[in-house]
Amino acid sequence: MTSIVDIHPHIISDDEGAYPPAPLFGKRSEWSKERPTTVETLIAAMDAAGVAKAAVVHSSTTYGFDNSYVVDGCAQYADRLAAVGSVDVLQEDAPKRIREWVGRGLAGLRLFTGGSTKEFDPSELDDPRSFPAWELCAELALPMCIQTGPIGLPQVTALARRFPSVPIVLDHLGRPEVADGAPYANAQSLFELAPLDNIYLKLTPRIFGDVKKEKASAETFFPRVVEAFGAQRMAWGSNFPTSPGTLGEILATAQAGLASLSDEDRVWIFGKTAQKLYPTLA
């Protein structure tokens, strides 16, 4: 088994003087107040869980567009962590800001269009003002994570076609509706993305919970996703500490959920895909 890589933990500083909270949309997420995890705590949790490396995702609901803690924290453990941050791509200076953050170690970007503190608004995704930022991502080979739901998938499709060399990573698989069970007709908008080979899927606790509801099952859903997208475009992310449980418990749930897949598919999902997206983790 290759080493396990997590592409979706978060870190929160315990020093608000050095890293003052300034949440996007003005409302701080409850988890970041109740279960903050410093970079040191994350490393300890990774060691306990047997997770070798991680692409740490900036907390927009804590720090807005200030990526200081995620880049500083990851720099302390550069042999194990890569930083994924956020920039306001609608601003004229977005390309300049991206270059500055990349200079400080940023390895990828994330667009947060909603989630724990706000309804999804996909309008900014394909706003032409964002295109210079996307062009720079293509130039710098930066993957772009997108946090949206099914409402935003038409915009994701348009972006994938417009910027075919930018890897687009869908947080939480784009939150598909799976409760109807096989053949998962309600998740059709997700499967329609499969021909776009620059779209990647992030498997987080949300989907491992959803496949236990009503007519869904891990044994029917995940093989269908692998058949459509290929395991080389799927990667595991813990969402730790946003999702409840220890990192080890979250990993065990994911491993159990993917038990019906081949060994090779699991090697990609738990490590090799992440290393393809973030080469510094290889």
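Numbering-wise (the UniProt record's numbering), the sequence shown opens with residue 1 and increments by one.
From the three backbone atoms N, C-alpha and C, an ideal C-beta is built for every residue, glycine too.
Helix, strand or coil at Val-39 [DSSP, three-state]: Helix, per DSSP.
Residue from Thr-41, Thr-37, Asp-66 with nearest C-alpha to Pro-21: Of the listed residues, the one whose Cα sits closest to Pro-21 is Asp-66.
Bounding residues of the alpha helix (DSSP H) (the contiguous stretch that carries Val-226): Taken as a continuous stretch (DSSP letters only), the alpha helix (DSSP H) holding Val-226 covers 218-229.
Three-state secondary structure (DSSP) of Leu-193: Three-state result, Leu-193: coil.
Beta bridge counterpart(s) of Gly-209 as assigned by DSSP: Listed as beta-bridge partners of Gly-209 by DSSP are no residues whatsoever.
Extent of the continuous beta strand (DSSP E) to which Tyr-200 belongs: Run containing Tyr-200: 199-203, per the beta strand (DSSP E) assignment.
Test item: CB-CB of Thr-157 and Leu-193 under 9 Å: In this structure, Thr-157 places its C-beta atom within 9 Å of the C-beta atom of Leu-193.
For Cys-145, the residue or residues it bridges with in DSSP: Note: Cys-145 sits in a beta bridge opposite Arg-110, Val-169.
Alpha carbon of Arg-97 to alpha carbon of Val-87, nearest angstrom: Cα to Cα, Arg-97 sits roughly 7 Å from Val-87.
Residues sharing a beta bridge with Ala-55, DSSP: DSSP, once it has assigned bridges, lists Ala-82 as partnering Ala-55.
Among Ala-228, Glu-92, Val-166, nearest to Gly-108 - alpha-carbon criterion: When Ala-228, Glu-92, Val-166 are compared, the shortest CA-CA separation from Gly-108 is found for Val-166.
Contact under 9 Å by Cβ, Glu-135 with Pro-95: It is a contact, given that the beta carbons lie within the stated cut-off.
4 or more residues per run - each alpha helix (DSSP H) lying fully within the region 234-263: You should have 247-257.
DSSP-derived helix/strand/coil call for Ser-116: Note that Ser-116 scores 47 on pLDDT, short of 50, meaning its location in the model is unreliable; the coordinates nonetheless yield the value given after this. Ser-116: coil per DSSP, three-state reduction.
One or two residues paired with Val-5 in a DSSP bridge: Paired residue(s): Lys-53.
Three or more C-beta pairs below 8 Å linking the region 9-20 and the region 240-259: Taking 8 Å as the limit for Cβ pairs, the verdict is that the region 240-259 does touch the region 9-20.
Thr-37 classed as buried or exposed, judged by whether at least 16 other C-beta atoms fall within 10 angstroms: Answer is buried; the Cβ neighbour count reaches 16.
Reference Pro-150, options Phe-229, Asn-186, Arg-266, closest by Cα: Pro-150 has its Cα closest to that of Asn-186, out of Phe-229, Asn-186, Arg-266.
Same chain, Cβ closer than 8 Å to Ser-116, five either side skipped, listed in chain order: Annotation note: pLDDT 47 at Ser-116 (below 50); position unreliable, coordinate value reported separately. The residues Ser-29, Glu-30, Trp-31, Thr-61, Thr-242, in chain order, have a CB closer than 8 Å to that of Ser-116 in the same chain once the five nearest residues on each side in sequence are set aside.
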